[in-house]
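Colleague:
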Amino acid sequence: MYPELNGKVVVITGGSRGIGAGTARAFAAEGARVAVLGRDGDALDRVAKETGGIGVVADVTSLAAIEDARRRVEAGFGPADVLCAFAGGGIARPGPTAAMTEEEWRSVVDGNLTATFLTLKSFLPGMQERGAGSIVTMSSSAGRMPSNLPSAGGRELGNPWGAPVAYEAAKAGVQALTRHVAAEVGGQGIRVNCVAPAAIRTERTERVMPRDVQDKVAAMYPLGRMGEPHDVASAALFLASAQSSWLTGLVLDIAGGRIML
56 MYPELNGKVV
66 VITGGSRGIG
76 AGTARAFAAE
86 GARVAVLGRD
96 GDALDRVAKE
106 TGGIGVVADV
116 TSLAAIEDAR
126 RRVEAGFGPA
136 DVLCAFAGGG
146 IARPGPTAAM
156 TEEEWRSVVD
166 GNLTATFLTL
176 KSFLPGMQER
186 GAGSIVTMSS
196 SAGRMPSNLP
206 SAGGRELGNP
216 WGAPVAYEAA
226 KAGVQALTRH
236 VAAEVGGQGI
246 RVNCVAPAAI
256 RTERTERVMP
266 RDVQDKVAAM
276 YPLGRMGEPH
286 DVASAALFLA
296 SAQSSWLTGL
306 VLDIAGGRIM
316 L
């Protein structure tokens with residue numbers, strides 16, 4: 056479908072499972088050489104074996120760790136043509152803003168926004184040197200609109216607070232970071248876009264969300280279902296390909312019609 060991706064080096068952070076792993080499989084199916092980064096070495100090895108790629112254990116909240124991972128990818132495959140900065144992390148409980156601890160705030164902001172910044176900081180110079188590259192960042196529908204609005208459905212699902220405020224702030228920050236960098240490097244042959252998924256059915260979803268709750272969530276979307284990892288992966292393929300060569304600074308909502316802007 057995207058022959059221009061054949062042989063390209065694609066780096067995916069957060070690639071050990073869920074959306075990241077699904078995206079790795081999608082790029083591998085197009086003939087790309089895929090490197091997945093994450094914290095779970097065993098899971099990375101499984102994805103790498105499945106995709107014919109390489110897995111590199113890395114804490115993306117540490118610039119030193121990302122730099123080391125980048126050098127290992129370059130030694131194995133060469134410099135990145137495509138970067139999918141999909142890692143997200145941190146732990147915080149839903150609840151009132153004033154009840155959130157400083158540790159929770161920093162954990163979530165570092166795991167999402169800071170991690171994305173550091174990943175771009177590490178990989179951008181190589182793309183700038185070569186005058187080419189495509190970057191796709193990971194936001195969320197929670198970065199588009201407050202998930203504690205009555206219309207968000209949290210009350211019906213037993214969580215009137217929605218996503219933690221730190222998560223919403225971090226994901227909104229990823230969108231701003233994406234636009235800023237896109238404007239900065241567009242003249243250097245580098246495009247930077249962002250995907251903003253809503254509820255995606257992953258291994259974690261199946262583990263923590265009962266089936267009846269999944270059904271209620273699905274009913275909130277005009278398309279009548281939750282998203283799947285391949286829905287995000289397909290968007291990432293398009294944004295990385297030559298088919299989107301005049302798109303940059305875009306935040307693409309992958310939300311089953313729930314967000315219409």
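Mapping to my numbering: the sequence shown position 206 is 261, numbers consecutive. Think of the CB as a built atom: it goes at the ideal place given N, C-alpha and C, for glycine as much as any other residue. Remember, it's a predicted structure, so these values are computed and weren't measured experimentally.
#1: Does the region 278 to 295 come into contact with the region 175 to 192, if we say contact requires no fewer than three beta-carbon pairs (one atom in each stretch) closer than 8 Å?
#2: Going by DSSP, what residues sit across from ILE109 in a beta bridge?
#3: Give the range of the beta strand (DSSP E) segment to which ARG246 is assigned.
#4: Please go through the region 128 to 159 and give each complete beta strand (DSSP E) segment of 3 or more residues, from N-terminal end onward.
#5: Do GLU258 and ARG72 come within 8 Å of each other at the CB atom, strictly closer than that value?
#6: Mind reading off the beta-carbon distance from VAL64 to ALA79? Whole number of angstroms is fine, and I expect it under 8 Å.
#7: Taking Cβ to Cβ, would you say SER162 is nearer than 8 Å to ALA142?
#8: With H, G and I counted as helix, E and B as strand and the rest as coil, what does DSSP make of GLY73?
#9: On the premise that LEU92 lies in contact with THR68, defined as a C-beta separation below 8 Å, what is that separation, rounded to the nearest angstrom?
#10: What span of residues does the alpha helix (DSSP H) with VAL240 cover, start to end?
#11: Could you compute how far the alpha carbon of PRO134 sits from the alpha carbon of ALA113?
#12: Can the beta-carbon of VAL229 be found closer than 8 Å to that of THR171?
#13: Would you report the Cα separation of LEU138 and GLY198, rounded to the nearest angstrom?
#14: With distances taken from CA atoms, which of ALA291, PRO205, ASP267 and GLY217 is nearest PRO252?
#15: Going by DSSP, what residues sit across from SER189 in a beta bridge?
#16: Across which residues does DSSP place THR68 in a beta bridge pair?
#17: Any Cβ of chain C within less than 8 Å of the Cβ of VAL250?
#18: Alpha carbon to alpha carbon, what distance is there between ILE109 and VAL128?
#19: If you measure between the beta carbons of VAL164 and ALA224, is that distance less than 8 Å?
Modeller: The relevant details are as follows:
#1: yes
#2: By 1-based counting over the sequence shown, the position of residue 109 is 54. ILE109 is bridged to ALA90.
#3: The residue you call residue 246 lines up with position 191 of the sequence shown. Looking at the DSSP string, the run of the beta strand (DSSP E) that includes ARG246 is 245 to 252.
#4: 137 to 140
#5: For the purposes of this step, residue 72 is taken as residue 17 along the sequence shown, with counting starting at 1. For the purposes of this step, residue 258 is taken as residue 203 along the sequence shown, with counting starting at 1. Yes; because the gap between Cβ atoms is below 8 Å, this pair is in contact.
#6: In the sequence shown, the residue the question calls residue 64 occupies position 9. In the sequence shown, the residue the question calls residue 79 occupies position 24. With 8 Å as the limit, VAL64 and ALA79 do not qualify as a contact, their Cβ atoms being about 13 Å apart.
#7: On the sequence shown, position 107 is the one that residue 162 refers to. On the sequence shown, position 87 is the one that residue 142 refers to. Result no, Cβ atoms of SER162 and ALA142 do not sit closer than 8 Å.
#8: Position 18 of the sequence shown, counted from the first residue, corresponds to residue 73. Residue state, collapsed to three classes: helix.
#9: Residue mapping note: residue 68 aligns to position 13 of the sequence shown, counting from 1. Residue mapping note: residue 92 aligns to position 37 of the sequence shown, counting from 1. Contact annotation, THR68 with LEU92: C-beta distance approximately 5 Å; criterion of less than 8 Å satisfied.
#10: In the sequence shown, counting from the first residue as 1, residue 240 sits at position 185. First-last of the alpha helix (DSSP H) with VAL240: 220 to 240.
#11: One-based indexing of the sequence shown puts residue 134 at position 79. One-based indexing of the sequence shown puts residue 113 at position 58. Here the C-alpha atom of PRO134 lies approximately 17 Å from the C-alpha atom of ALA113.
#12: On the sequence shown, residue 229 is found 174 positions in, with the first residue counted as 1. On the sequence shown, residue 171 is found 116 positions in, with the first residue counted as 1. Against a cut-off of 8 Å, the Cβ pair of THR171 and VAL229 comes out as a contact.
#13: As a working mapping, residue 138 is identified with position 83 in the sequence shown. As a working mapping, residue 198 is identified with position 143 in the sequence shown. Each residue's alpha carbon lies about 21 Å from the other.
#14: On the sequence shown, position 197 is the one that residue 252 refers to. Nearest C-alpha to PRO252: ALA291.
#15: In the sequence shown, residue 189 corresponds to position 134, counting from 1. According to DSSP, residue pairing for SER189 in a beta bridge involves VAL137 and ARG246.
#16: In the sequence shown, the residue the question calls residue 68 occupies position 13. THR68 is bridged to LEU92 and ALA140.
#17: Note that chain C does not occur in the displayed structure, where there is just one protein chain.
#18: For the purposes of this step, residue 128 is identified with residue 73 of the sequence shown, where counting begins at 1. For the purposes of this step, residue 109 is identified with residue 54 of the sequence shown, where counting begins at 1. One C-alpha to the other measures close to 8 Å.
#19: Counting from one through the sequence shown, the residue named residue 164 turns up at place 109. Counting from one through the sequence shown, the residue named residue 224 turns up at place 169. Yes.
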